[in-house]
Amino acid sequence: MKTVGRQGIAMYRERQVVDMKKGNVIGDNSIDTVYITAEKTPDSPFWVNIMIVVQDGRTNQYTQIPLKQNQGYNPTLFLGDFTGDRVEDIMVVMDTGGSGGMLNAYVFAYRGSQFRPLFDSDVFNDLFKYRVFYLDYYKAQVNSYTTNQKFIIDLTTRGRQYLSEIYYPNGKLKKPIQGFVSGLSGLYPVDFDRNGTCELLAYQNIAGQYNADRLGYVQTTMKWNGQVFAPEVQNVVVFGGDIS
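Everything in the sequence shown is counted per the numbering used here, starting at 1 for the first residue and increasing by one.
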């Protein structure tokens with residue numbers, strides 16, 4: 001984090017303001033302004049050197065918050081209270097643009113005269129570990145080792161051609177098949193308890209034989225426990241099929 005004085009957002013004239021929100025993020029009951037600034041690549045919606053800039057509503061001083069992963073598509077801001085202290089925190093999300101539909105995301109809170117990270121998508125991806133494998137009789141199993149849960153996905157809605165490539169007519173697998181769970185592919189602030197404090201709702205893609213072979217999503221609700229965003233509830237969401 002770097003404080004850059006009162007020169008104003010014009011000092012970033014080689015950069016562009018990609019998004020802007022107003023709220024009480026410093027906690028002194030003034031209305032602060034939060035910007036995402038970045039440099040745009042020629043003839044592309046891809047942004048590089050993405051940074052958060054906060055203007056203190058009381059002093060007009062500007063503070064930079066650098067991002068570990070600082071390039072991507074469609075960077076957006078959300079301001080909301082994730083910790084229950086009635087001060088808004090800063091959430092930024094950007095798409096990586098890869099084939100897996102993954103994104104980078106961060107949440108920052110003002111603590112001890114500086115902005116500190118509460119959530120980092122790289123840390124999330126390292127923490128949540130899975131195993132996906134196909135079972136006999138048109139099923140797949142997802143093991144979530146972080147929450148110590150298993151989920152069974154019914155594959156019978158996938159269609160006859162898909163299943164015939166994987167299974168014998170008696171329902172037995174032709175060969176072992178391993179799938180995988182992607183890194184973070186969606187992150188949403190949701191106030192489930194309607195108490196003014198937001199939880200994080202994370203999505204991760206469940207893939208079968210390849211990225212586009214989508215079996216569903218792992219959906220994890222996380223709540224701030226004073227130290228980290230801890231998982232409260234984890235579910236698997238699957239796609240419906242036609243009623244025959």
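Note that CB positions come from ideal geometry on N, CA and C, so glycine has one too.
Spatial distance of residue i from residue j (CA atoms)
i       : j       : result
Asn-29  : Tyr-138 : 57 Å
Gly-179 : Tyr-130 : 10 Å
Tyr-253 : Ile-177 : With the chain running from 1 to 244 in the structure shown, residue 253 is simply not present.
Gln-234 : Thr-59  : 43 Å
Ser-113 : Leu-173 : 59 Å
Gly-241 : Gln-161 : 15 Å
Met-94  : Ala-105 : 6 Å
Thr-37  : Tyr-168 : 55 Å
Val-18  : Pro-66  : 15 Å
Phe-115 : Thr-156 : 49 Å
Asn-31  : Gly-57  : One detail in the question is off: residue 31 reads as Ile in this sequence, not Asn. Using only the alpha carbons, I get a separation of about 5 Å.
Tyr-35  : Val-132 : 40 Å
Thr-63  : Thr-83  : 22 Å
Phe-229 : Asn-24  : 22 Å
Arg-13  : Gly-100 : Confidence at Arg-13 is low in this model, with a pLDDT of 47, below 50, so its placement is unreliable and the value that follows should be read with caution. The straight-line gap from Cα to Cα measures roughly 34 Å.
Thr-251 : Asn-225 : Outside the shown range of the chain (1 to 244) lies residue 251, about which nothing can therefore be said.
Residue i classed as buried or exposed, judged by whether at least 16 other C-beta atoms fall within 10 angstroms
i       : result
Lys-223 : buried
Gln-55  : buried
Ser-182 : buried
Leu-127 : exposed
Gln-204 : buried
Val-107 : buried
Gly-171 : exposed
Val-87  : buried
Phe-239 : exposed
Phe-192 : exposed
Nearest-angstrom Cβ-Cβ length linking residue i and residue j, presumed shorter than 8 Å
i       : j       : result
Ile-50  : Gly-80  : The Cβ separation is near 20 Å, so there is no contact.
Ile-90  : Ile-52  : 6 Å
Lys-40  : Gln-16  : 6 Å
Val-236 : Gly-216 : 6 Å
Val-92  : Pro-75  : 6 Å
Lys-150 : Leu-77  : Between Leu-77 and Lys-150 the Cβ distance is about 37 Å, and since that is not below 8 Å, they are no contact.
Gly-98  : Ala-140 : Wrong, their Cβ atoms sit about 23 Å apart, outside the cutoff.
Local conformation of residue i per DSSP, three classes
i       : result
Phe-239 : coil
Ile-9   : Its pLDDT being 49, under 50, Ile-9 is placed unreliably by the model, and the measurement read from it follows with that caveat. In this structure, Ile-9 counts as helix in the three-state DSSP scheme.
Gln-61  : coil
Asp-120 : strand
Tyr-167 : strand
Leu-125 : The identity of residue 125 in the sequence shown is Asn, whereas the question assumes Leu. Reduced to three states, the DSSP call for Asn-125 is helix.
Thr-157 : helix
Tyr-188 : strand
For residue i, the residue or residues it bridges with in DSSP
i       : result
Ala-212 : Answer by DSSP bridge pairing: none, since Ala-212 is not bridged.
Ser-144 : Tyr-130, Gln-149
Phe-115 : Tyr-110
Asn-205 : Tyr-217
Met-222 : Leu-200, Pro-231
Tyr-35  : Met-20, Val-53
Lys-40  : Trp-47
Gly-84  : Looking at the DSSP assignment, Gly-84 forms no beta bridge with any residue, so it has no partner.
Tyr-138 : Its beta-bridge partners do not exist; DSSP assigns none.
Met-94  : Asn-104
Gly-179 : Val-132
Pro-66  : Met-51
Tyr-73  : Phe-46, Asp-95
Distance cut-off 7 Å: residue i Cβ against heavy atoms of the ligand COA
i       : result
Thr-221 : No copy of the ligand COA occurs in the structure displayed, which carries no ligand at all.
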